[in-house]
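**Q** In order, the protein sequence lines correspond to chains A and B. Going by the numbering used here, the first residue of the first sequence is number 1492, and it counts up by one from there. Going by the numbering used here, the first residue of the second sequence is number 956, and it counts up by one from there. Built from N, CA and C at the ideal position, the CB exists for glycine as well. Given the structure is predicted, the values throughout are model-derived calculations rather than measurements.
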Amino acid sequence: MTASALAPLAFAAPLTAAAVIAALGSVLPRRVTDLISIVAGMLTATIACGLLTAVAVNGTVIHWFGGWTPRHGVALGIAFTVDPIGGALATFASFLTLSALVFAWTYYDHGGPEMHTLMLVFASALIGFFLTGDLFNLFVFFELMSVSAYALTAFRTEDDSAVLGALSFAVVNSIGAFLVLIGIVMVYARTGALNMLQIAHALAAHADPLVIVAFALIAFGFLVKASIVPVHFWLTEAHAVAPTPLCVLFSGIMVQAGIYATARVYTDVFSGALAPHAHQIRVVLLSFGVLTAVVGALMCMMQQHLKRLLAFSTVSHSGMMLCAFALFSTRGLAGLVAYIVGHGLVKGALFMCSGVVLNHWSTLDVEMLRGRLRRTPWLVSLFGAGALALAGLPVFATFVGKAMIDRAADETGLAWLPFVLLFAAAMTAAAVLRALGTMAFGWGPKSDSQPAQSHPTTEAPESSDTGIPVVMLGTATVLLAACVALTFLRGRTAAPLSAALRFVDRQAKFAFTMHATPTGPLPHAAPQALHDALPLGIAASALALAIAAWALFGSRARPVWKLGRVFQPFRNALQLAHSGIVTDYVVWLTAGAAVFGLAMAAFTAGML
Amino acid sequence: MIGLLAFVVPAWIFVIGLYGMATSRHLVHLVMCLSVAQSATYVLILEVGYRLGATAPVFSDVLSTVRATDPVVQALSLTDIVVGATVSALLLAFALRIYKTCGTVDPEELRPMRG
Chain A
1492 MTASALAPLA FAAPLTAAAV IAALGSVLPR RVTDLISIVA GMLTATIACG LLTAVAVNGT
1552 VIHWFGGWTP RHGVALGIAF TVDPIGGALA TFASFLTLSA LVFAWTYYDH GGPEMHTLML
1612 VFASALIGFF LTGDLFNLFV FFELMSVSAY ALTAFRTEDD SAVLGALSFA VVNSIGAFLV
1672 LIGIVMVYAR TGALNMLQIA HALAAHADPL VIVAFALIAF GFLVKASIVP VHFWLTEAHA
1732 VAPTPLCVLF SGIMVQAGIY ATARVYTDVF SGALAPHAHQ IRVVLLSFGV LTAVVGALMC
1792 MMQQHLKRLL AFSTVSHSGM MLCAFALFST RGLAGLVAYI VGHGLVKGAL FMCSGVVLNH
1852 WSTLDVEMLR GRLRRTPWLV SLFGAGALAL AGLPVFATFV GKAMIDRAAD ETGLAWLPFV
1912 LLFAAAMTAA AVLRALGTMA FGWGPKSDSQ PAQSHPTTEA PESSDTGIPV VMLGTATVLL
1972 AACVALTFLR GRTAAPLSAA LRFVDRQAKF AFTMHATPTG PLPHAAPQAL HDALPLGIAA
2032 SALALAIAAW ALFGSRARPV WKLGRVFQPF RNALQLAHSG IVTDYVVWLT AGAAVFGLAM
2092 AAFTAGML
Chain B
956 MIGLLAFVVP AWIFVIGLYG MATSRHLVHL VMCLSVAQSA TYVLILEVGY RLGATAPVFS
1016 DVLSTVRATD PVVQALSLTD IVVGATVSAL LLAFALRIYK TCGTVDPEEL RPMRG
């Protein structure tokens, strides 16, 4: 079998398994459908690994569906164009899906085979999304991924807040998808092409208003998926109610797919035409990225619901990833990919831990859990390690990604950016540590000022098992261990760097796509020394511990810390904005799109 | 003039849909408004592939030299309609489910419980 046949197979394998489970699920016993889905997950991961190896050897792998190769410089067919970054993220997605499927082994006693079917469809859409080289195909996979995600979020239909969360999720993301589609059609109207590289070739260096509007629409539509402030509301609603295996996939890779799509479309399609405006576009993207990182971190600190807390942490980290892309440098891209993988592993492990908590104590409210985790040292240490990994402690893969992003920011002349990222990372870690301090040791002030809109005190447990299942804790441990192991790999910085060099090499990819000129092996990249990033990494962890300690014990020194009162109006305003009403979210999205579009237009027109 | 209109009409339909969603007091109405916003994309897609005086791109009974509209956009709009039908069906099922458990479909009254 040739390497190019592996590309469609990676996408078709989970889809086929999904069809088999959907057809036979009602007659097969539950354990058999579980096994089929896990075997399918393993098979997909193996195929994805094979594909990634082929990409590493050949540089780029392409597959034209139905043999519709380009004729006379026109690509009518649809292609999977697998570059090392898309291949790596598809491989990561397949492994994360496998871990979520294994985690679900002891999780659902009342879940039907539909759960596995939908998860496999979701995984195949995600993989197709990372591999495709066709702009409209990208939209189709985006929609397939979204629709299965909506259905999965509402999976526990007896829980009305789950259905309501899924509704907000579906409405907001659908509007985002329409924006993407309108942008794609505008590009098609101008170029008559849908293959990303052919579009770039047709656009050449002409940046007229239509091209800029099209880019703004596509980028903002994908950033809705990446949960950028002010369109992040759907994410926290969906995460708070979705089944845990889903949260692992949502926070670990789906949100990041939005960032990836923005990066891929900008690099492959628009980077040539918009090159004169790159600086202005960077300003807009960086503003949204910094806003998201900071607002997400602040909201994260205020949460009492464990999954909602982790969801806001994802919002914050997604903002950091947008900042990494907005640097428009190969080192920034390499850091982005390393950070996506590191963050996905950590966030996956943390969501699994919260799933264990929900399963065992039937609540996710930190106050209700005060002191309850005392007798589960393993769970507590997993939470603690995960929190420090979020801060970027130098033994976790998040540190490697952050070190590269920080260096890229310095090289771009944005020496302040690493400190913003440090603050956001430390805050999100501190939020987890503070919750852990209360849950494990009973530390911290009793929250007497419960909001009037009180939450349900108990939620339905997601399994009837009484002990803590070994499979659940084991999967979370494996994810964290993988996150540590990646840090000590030999190619930890060189591999992402050389992948990013190929990712931005549009000429080579175009020649390969249109004229089948081999791209050759991946370009060589010098590894980045990490020891000078150590102080910042350790400082972030120390800051996280300090903030968590202040949040837990600061109340005893109240008179000294009156300063906190100054921020109360901001806190109230932020909490008011998160109203939970779907129509409000539509208004926020419209306002966000308007600001994004106008800023993009004003900047590129040279008005500001 | 016609070129400008080609963008103004879909933009207008899209904004009407958004306005309807933002002010909606009934979930079924909200889903319908989402469909209205999506129809803006159908209109835009079909406009993009339209050629003045051209026939349908079916070449079984006419000469292949006859001027025809772009077949690609028709495939795109078909895909788009399939996606739209899926999303609407799913959302209407959610609305029905919410009505059964909460007894209301007014988004203002459906403030989710939170902590």
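Measuring only from the beta carbon, is Asp1897 (chain A) closer than 7 Å to any heavy atom that is part of the ligand GTP?
**A** Among the components of this structure there are no ligands whatsoever, and the ligand GTP is therefore not found.
**Q** Under 8 Å by Cβ, that's how I've got Phe1584 (chain A) and Ile1744 (chain A) pegged, so tell me the actual separation to the nearest angstrom.
**A** Here residue 1584 (chain A) is Ala; the residue named in the question, Phe, does not match the sequence. Between Ile1744 (chain A) and Ala1584 (chain A) the Cβ distance is about 5 Å, and since that is below 8 Å, they are a contact.
**Q** Within the continuous alpha helix (DSSP H) that includes Val1676 (chain A), where are the two ends?
**A** First-last of the alpha helix (DSSP H) with Val1676 (chain A): 1651-1682.
**Q** Quick one: list the residues of chain A neighbouring Phe1014 (chain B), beta-carbon separation under 9 Å, in chain order.
**A** The premise fails here: Phe1014 (chain B) is roughly 15 Å from chain A at the closest Cβ pair, so nothing lies under 9 Å.
**Q** Any idea what DSSP makes of His1796 (chain A), helix, strand or coil?
**A** Note: His1796 (chain A) maps to strand in three-state DSSP.
**Q** Say whether chain A places a C-beta atom closer than 8 Å to the C-beta of Thr996 (chain B).
**A** Yes - at least one Cβ of chain A is within 8 Å of the one on Thr996 (chain B).
**Q** I'd like to know whether the C-beta of Val1786 (chain A) is nearer than 8 Å to at least one C-beta of chain B.
**A** It does not: the Cβ of Val1786 (chain A) has no partner Cβ on chain B nearer than 8 Å.
**Q** Against chain E, does Ala1640 (chain A) count as a neighbour if the rule is that its beta carbon must be under 8 Å from one of theirs?
**A** Checking the listed chains, one finds no chain E in this structure; the protein chains it contains are A and B.
**Q** Which residues mark the beginning and the end of the beta strand (DSSP E) in which Phe1571 (chain A) is found?
**A** Taken as a continuous stretch (DSSP letters only), the beta strand (DSSP E) holding Phe1571 (chain A) covers 1570-1573.
**Q** Thr1041 (chain B) touches chain A at which residues, Cβ-Cβ below 7 Å?
**A** Chain A residues near Thr1041 (chain B): Val1638.
**Q** Residues in the same chain with beta-carbon distance under 6 Å from Ala1657 (chain A), minus the five sequence neighbours each way, listed in chain order, please.
**A** Tyr1641, Thr1644, Ala1645, listed in sequence order.
**Q** DSSP has His1554 (chain A) in a bridge; who is on the other side?
**A** A:Phe1571.
**Q** Using only CA atoms, which one of A:Leu1782, A:Ser1989, A:Ala1710, A:Phe1502 lies nearest to Ala1915 (chain A)?
**A** Measuring from the Cα of Ala1915 (chain A), the nearest candidate turns out to be A:Leu1782.
**Q** Hey, how far is the Cα of Val1704 (chain A) from the Cα of Phe1711 (chain A)?
**A** If you take the alpha carbons of Val1704 (chain A) and Phe1711 (chain A), they lie about 11 Å apart.
**Q** Can you name the residues of chain A whose CB is closer than 8 Å to the CB of Pro1062 (chain B)?
**A** The answer, in chain order, is Ile2072, Val2073, Thr2074.
**Q** Determine the burial state of Lys1798 (chain A): buried for a count of at least 16 other Cβ atoms within 10 Å of its Cβ, exposed for fewer.
**A** By the 10 Å Cβ count, Lys1798 (chain A) comes out buried.
**Q** Determine the direct distance from the alpha carbon of Thr1682 (chain A) to that of Leu1515 (chain A), and round the result to whole angstroms.
**A** Rounded to whole angstroms, Leu1515 (chain A) to Thr1682 (chain A) spans 46 Å at the Cα level.
**Q** Are the C-beta of Ala1943 (chain A) and some C-beta of chain B separated by less than 8 Å?
**A** Model confidence at Ala1943 (chain A) stands at a pLDDT of 39, short of 50, so the residue's coordinates are unreliable and nothing is read from them.
**Q** Does Gln993 (chain B) get closer than 8 Å to chain A when you measure Cβ to Cβ?
**A** Yes - at least one Cβ of chain A is within 8 Å of the one on Gln993 (chain B).
**Q** State the DSSP-derived secondary structure class of Asp1897 (chain A), mapped to helix, strand or coil.
**A** Three-state result, Asp1897 (chain A): helix.
**Q** By the three-class DSSP mapping on this structure, what secondary structure does Thr1867 (chain A) have?
**A** It is coil, neither helix nor strand.
**Q** What residues in the segment 964-979 of chain B bring their beta carbon closer than 8 Å to a beta carbon of chain A?
**A** For the segment 964-979 of chain B, which is checked against every Cβ of chain A, the residues closer than 8 Å are Pro965, Phe969, Leu973, Met976, Ala977, Thr978, Ser979.
**Q** Residues of chain A with CB under 7 Å from Thr1034 (chain B), in chain order?
**A** Per Cβ cutoff of 7 Å: Val1631.
**Q** Between the Cα of Pro2009 (chain A) and those of A:Leu1737, A:Ile1538, A:Val2077, A:Val1548, spot the shortest distance and give me the residue it belongs to.
**A** Pro2009 (chain A) has its Cα closest to that of A:Val1548, out of A:Leu1737, A:Ile1538, A:Val2077, A:Val1548.
**Q** By Cβ distance below 7 Å, which residues in the same chain neighbour Pro2100 (chain A) in space, the five residues on each side in sequence not counted?
**A** In this structure chain A extends from 1492 to 2099, so residue 2100 (chain A) is not present and cannot be described.
**Q** Are the beta-carbon atoms of Phe1706 (chain A) and Phe1630 (chain A) separated by less than 8 Å?
**A** The answer is no: Cβ separation not under 8 Å.
**Q** Since Asn1850 (chain A) is in the alpha helix (DSSP H), which residue starts that stretch and which ends it?
**A** Here the alpha helix (DSSP H) through Asn1850 (chain A) covers 1821-1852.
**Q** With 8 Å set as the bound, which would you pick, yes or no: does the beta-carbon of Ser1665 (chain A) sit closer than that to a beta-carbon of chain B?
**A** Closer than 8 Å: yes.
**Q** Excluding the five sequence neighbours on either side, which residues of its own chain have a C-beta within less than 6 Å of the C-beta of Gly1892 (chain A), listed in chain order?
**A** For Gly1892 (chain A), where only same-chain residues beyond five positions count, the Cβ hits under 6 Å are Gly1826, Ala1829, Tyr1830, Gly1833.
**Q** Looking at the structure shown, is Asp1856 (chain A) part of a helix, part of a strand, or coil, going by DSSP?
**A** In the structure shown, Asp1856 (chain A) sits in a strand (DSSP, three-state: E or B).
**Q** Within a Cβ cutoff of 6 Å, which residues of the same chain sit near Pro1942 (chain A), ignoring the five residues on either side of it in sequence?
**A** Its pLDDT being 45, under 50, Pro1942 (chain A) is placed unreliably by the model, and the measurement read from it follows with that caveat. Correct list: empty, nothing qualifies.
**Q** Under the three-state reduction of DSSP, which class applies to Ala1733 (chain A): helix, strand or coil?
**A** Coil, per DSSP.
**Q** Please check if any C-beta of chain A sits within less than 8 Å of the C-beta of Val983 (chain B).
**A** No, no contact with chain A.
**Q** Can you grab the Cα-Cα spacing for the pair Pro1062 (chain B) / Gly972 (chain B), in whole Å?
**A** Rounded to whole angstroms, Pro1062 (chain B) to Gly972 (chain B) spans 17 Å at the Cα level.
**Q** Please confirm whether Thr1524 (chain A) has its beta-carbon closer than 8 Å to some beta-carbon of chain B.
**A** Taking Cβ atoms only, chain B never reaches closer than 8 Å to Thr1524 (chain A), which makes this a no.
**Q** Identify every run of the beta strand (DSSP E) within the segment 1707-1762 of chain A, keeping only runs that are complete inside it and at least 3 residues long; order them along the chain.
**A** Whole beta strand (DSSP E) segments, 3+ residues: zero.
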